[in-house]
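Visitor: Heads up: the sequence shown begins at 134 in our numbering, then just goes up one per residue.
Could you have a look at this structure, given as structure tokens, before my questions?
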Amino acid sequence: MTASPVLEVLDARKSYGEREALKGVSLTIGRGEILALLGPNGAGKTTLVRAICGRLALASGSVRVSGADPRASLEARRRLGLVPQEIALYPELTARENLEIFGRLAGVERRALGAKVDEALEWTALEDRAHERIDRLSGGMKRRLNLAAGALHDPELLLLDEPTVGVDPGARELIHDLLERLCRRGLAILITTHDLDQAAELADRIAILSDGRKCAEGSLQELVAASFGGHREVWLTLTNPPTASGRELLTGAGLTAASDEPLSWSGPLAGGLESLAELGSRLAAAGLPVAELRVREPGLRGVFFHFTGRELGLS
Ligand code: ATP
134 MTASPVLEVL DARKSYGERE ALKGVSLTIG RGEILALLGP NGAGKTTLVR AICGRLALAS
194 GSVRVSGADP RASLEARRRL GLVPQEIALY PELTARENLE IFGRLAGVER RALGAKVDEA
254 LEWTALEDRA HERIDRLSGG MKRRLNLAAG ALHDPELLLL DEPTVGVDPG ARELIHDLLE
314 RLCRRGLAIL ITTHDLDQAA ELADRIAILS DGRKCAEGSL QELVAASFGG HREVWLTLTN
374 PPTASGRELL TGAGLTAASD EPLSWSGPLA GGLESLAELG SRLAAAGLPV AELRVREPGL
434 RGVFFHFTGR ELGLS
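Structure below.
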């Protein structure tokens, strides 16, 4: 990362009435870096992204985009590109007309607009659909255009909310490819997603929010090491909720329960595979029948569970 980050959020705090949505979140993203922002529902992701766009005033803390405050400076807002989750295109206008409108709204000069739109149609592979109405394009094409509309004015920071929700795997790959190309051009990219595979695939760094706080941040490898310390992950589902002594046994074995699902437990398999049979027989002896027991190389699912106590995108 370069010395001066494109995005710098410092100790962001925000409450809605009594509810504290952000309890002091700090975050930086450098040029050419993709950061995935993860968190359970209600963790504060949307609030943070709205604050970054300058659409919401923080109670305290600061947001800087290349050194300027997007709430105070139009210049800083123009350095931002926002790609919302819902398709924000005019359905009765053509692909080209939409890009022209979004370009103008984002401040692209009229004489530069034609070339910018041509370039965007080319890199989204939609040149042959340029004169087609949006409502005649496929879902994946609309998503690519939605992305192009947010990036047309060459922002320094691109914010994406669930960029591939509801698209098929082929269209998802195309969008990933576009994001990687934007990143190579030097954009700083923030992706909010519930798709852990997407975060693992694309992100240089991952930040996890939980209950208004950043509870983890790092590369996937760093987060896996912090959560599992080089061990494999054991994941089990009980048939019935455990008794107090059963819970004691499970926590004693280094496992944690999912906060929203008392039957699911997970943790590092500290004793290696040899310890698995022993764990199984201790659980059986304690009257804790196991419906499913899995051992796997830990990935982002286990990391997310470790830091938030919740399951997300379990496959
Ligand atoms: P999700 O993954 O469900 O979209 P999120 O991480 O984006 O969730 P936020 O939408 O930022 O979470 O919400 C954080 C907290 O602030 C939640 O408890 C939510 O109920 C609350 N909240 C969000 N917007 C408002 C609002 N306008 N008025 C009152 N409370 C709000």
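All C-beta atoms in this analysis are idealised placements derived from N, C-alpha and C, irrespective of residue type, glycine included.
All values reported here derive from a predicted model rather than from experimental measurement.
1. Since R277 and T257 should fall inside the 8 angstroms C-beta cutoff, what is the C-beta to C-beta distance between them, to a whole number of angstroms?
2. Does the distance between the C-beta of G127 and the nearest non-hydrogen atom of the ligand ATP fall short of 7 angstroms?
3. Can you give me the C-alpha to C-alpha distance between R429 and E366, rounded to a whole angstrom?
4. Between P401, L170, P375 and I324, which lies nearest to A386 when the distance is taken from Cα to Cα?
5. Okay, do the stretch 208-228 and the stretch 368-378 touch, 3+ Cβ pairs below 8 angstroms being the bar?
6. Is it true that the CB of S399 sits closer than 8 angstroms to the CB of F438?
7. Could you check if P203 is buried or exposed, using at least 16 other CB atoms within 10 Å of its CB as the buried criterion?
8. Let me check understanding here. Comparing Cα to Cα, which of L191, G379, K275 and L311 lies closest to A221?
9. Rounded to whole angstroms, how far is the Cβ of A342 from the Cβ of K178, which I believe are closer than 8 angstroms?
10. I believe A253 touches G273 by the beta-carbon criterion, under 8 angstroms. Please report the beta-carbon distance rounded to the nearest angstrom.
11. For the ligand ATP, I want to know if Y223 counts as a neighbour, meaning its beta carbon is within less than 7 angstroms of at least one of the ligand's heavy atoms.
12. Look up K147 in the DSSP assignment and give the residues it is bridged to.
13. Using only the alpha-carbon positions, how far apart do A349 and L191 sit?
14. Between I185 and I324, what straight-line distance do the alpha-carbon atoms span, to the nearest angstrom?
15. Along the chain, where does the beta strand (DSSP E) containing G290 start, and where does it finish?
16. Does the beta-carbon of T179, which I'm using as the reference point, lie nearer than 7 angstroms to any heavy atom of the ligand ATP?
17. Looking at A321 and L160, is the spacing between their C-beta atoms short of 8 angstroms?
18. Helix, strand or coil: how does DSSP classify G408 here?
19. Note the first and the last residue of the continuous beta strand (DSSP E) segment covering L191.
20. Where does the unbroken beta strand (DSSP E) through G400 begin, and where does it stop?
21. Taking the straight line between their C-alpha atoms, what separation do you get for T441 and G435?
22. Is N231 near the ligand ATP, with its Cβ less than 7 angstroms from a heavy atom?
23. Measuring CA to CA, which of R244, S137, E260 and R262 is closest to A201?
24. If you count every other CB in all the chains shown that lies within 10 Å of the CB of T135, and 16 or more means buried, which is it?
25. Based on Cα-Cα distance, which residue from V300, P375 and L168 lies nearest to E394?
26. For E260, which residues in the same chain have their Cβ closer than 7 angstroms to its Cβ, ignoring the five residues on either side in sequence?
27. Confirm, please, whether the CB-CB distance from A169 to I339 is below 8 angstroms.
28. With a threshold of 7 angstroms, establish whether the CB of R152 neighbours any heavy atom of the ligand ATP.
29. Residues in its own chain within less than 6 angstroms of R237 by CB, not counting five upstream and five downstream?
Guide: Reading from the atomic positions:
1. Contact between R277 and T257 holds, with the beta-carbon distance rounding to 4 angstroms and staying under 8 angstroms.
2. Outside the shown range of the chain (134 to 448) lies residue 127, about which nothing can therefore be said.
3. In a straight line, the C-alpha of R429 is about 5 angstroms away from that of E366.
4. Looking only at P401, L170, P375 and I324, the smallest Cα-Cα distance to A386 is reached by P401.
5. Contact between the stretch 208-228 and the stretch 368-378 is absent, because fewer than three Cβ pairs lie under 8 angstroms.
6. Cβ atoms of F438 and S399: closer than 8 angstroms.
7. Around the beta carbon of P203, a 10 Å sphere encloses 16 or more other beta carbons of the protein chains shown; the residue is thus reported as buried.
8. Looking only at L191, G379, K275 and L311, the smallest Cα-Cα distance to A221 is reached by K275.
9. Checking the sequence shown, residue 342 turns out to be Leu, not Ala. About 6 angstroms separates the CB atoms of L342 and K178; that is less than 8 angstroms, so the two are in contact.
10. No, A253 and G273 are not in contact; Cβ-Cβ is about 16 angstroms, not under 8 angstroms.
11. No; taking the cut-off as 7 angstroms, the Cβ of Y223 has no heavy atom of the ligand ATP nearer than that.
12. Beta-bridge pairing links K147 to L155.
13. In this structure, the alpha-carbon of A349 lies about 22 angstroms from that of L191.
14. If you take the alpha carbons of I185 and I324, they lie about 13 angstroms apart.
15. Note that residue 290 is Leu in the sequence shown, not Gly. Looking at the DSSP string, the run of the beta strand (DSSP E) that includes L290 is L290 to D294.
16. Checking every heavy atom of the ligand ATP against the Cβ of T179, one is found closer than 7 angstroms.
17. In this structure, A321 does not lie closer than 8 angstroms to L160 by Cβ.
18. Going by the sequence as given, residue 408 is Ser instead of Gly. In the three-state scheme derived from DSSP, where H, G and I count as helix and E and B as strand, S408 is classed as helix.
19. Careful: L191 lies outside any beta strand (DSSP E) and carries neither H nor E.
20. Bounds of the beta strand (DSSP E) holding G400 are E394 to P401.
21. A straight line joining the alpha-carbon of T441 with that of G435 spans about 10 angstroms.
22. No - the ligand ATP has no heavy atom lying nearer than 7 angstroms to the Cβ of N231.
23. The shortest C-alpha to C-alpha distance from A201 to any of R244, S137, E260 and R262 is the one to S137.
24. Only weak support is given to the placement of T135: the predicted model assigns it a pLDDT of 46, under 50, and the question is left unresolved by the model.
25. Comparing Cα positions, the closest option is P375.
26. Within the same chain, E260 has close Cβ partners L254.
27. In this structure, A169 lies closer than 8 angstroms to I339 by Cβ.
28. Distances between the C-beta of R152 and the heavy atoms of the ligand ATP include at least one below 7 angstroms.
29. A distance below 6 angstroms between beta-carbons, with the five flanking residues on each side excluded, links R237 to no residue of its chain.
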